[in-house]
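Each residue of the sequence shown is one higher than the one before, starting from -3 at the first, in our numbering.
Backbone N, C-alpha and C define an ideal beta-carbon position, used for all residues, glycine too.
Predicted model, so just to flag it, every value in this text is computed and none were measured.
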Amino acid sequence: MRTLGVLFTAMRDQHRTRQELSVEVTALRKQVADLKEAMLARRRVEDALRHAQEQLRTLADSAPVGLCLLHADGTPVVANRPFANLLGYDSPAELQRIASTFGIFGGPAELDRLRCTLQSGSPATLLFRRKDGQREALQIVGAGWAEAGLNAVAVRRDDTALPRATPRSA
């Protein structure tokens, strides 16, 4: 019985006036409104970022040269559609999936040649491995060091290399 009396006293001491409850409810409503506004602002920023990424992808895919960002070991991080198409892939995603296992260079010496090109800045033609396993000479038209040990490469078909095989006309 004594415990019940102590509980009643504790509850009576915690009782708040209507004014205090009204102030607390108003503060909670303001917090909810602020959270909703922050959520909407974040959603707007995410939408703007997604739109900017789509524009960047469109720009990269419409470039007249193949663009690729490579890890130091030569595996592709990201590439544009022209780069994937030069190597016979249907999409940059397919290039990344397959090339991360098999590589994109025609041989181990090609990666070393790329490193020399990066250091010297002189133009070079490197052999790349196509999806079908054939080797293709592509001209490095631009290369540079990117962040965190990544290499940026711009390539195009080397018009001075041996002629490509053409399909026979029927």
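Classification of residue i by the beta-carbon crowding that lies within 10 angstroms, buried from 16 upward
i	result
R77	buried
A80	buried
T113	buried
Q15	exposed
R125	buried
A29	exposed
A68	exposed
R160	Model confidence at R160 stands at a pLDDT of 47, short of 50, so the residue's coordinates are unreliable; what they give is reported in the following sentence. Exposed, by the Cβ-count rule.
L110	buried
L91	buried
L66	buried
Beta-bridge partners of residue i, as assigned by DSSP
i	result
V74	L65
L122	L134
G140	A148
R153	L134
F101	F124
Beta-carbon proximity of residue i to residue j, cut-off 8 Å
i	j	result
L123	F101	yes
V151	Q135	yes
T121	S96	no
V73	L24	no
A105	P88	no
G62	L82	yes
A139	D154	no
Own chain residues within Cβ distance below 8 Å of residue i, not counting five before or after
i	result
D128	G84
I94	Y85, K127
P119	T113, Q135, I136, V137
Cut-off 6 Å between Cβ atoms - residues of its own chain near residue i, not counting five sequence neighbours on either side
i	result
L107	G70, F101
C64	P72, A75, F79, V149
L31	none
A48	none
Beta-carbon proximity list for residue i, same chain, < 7 Å, skipping 5 on both sides
i	result
L17	none
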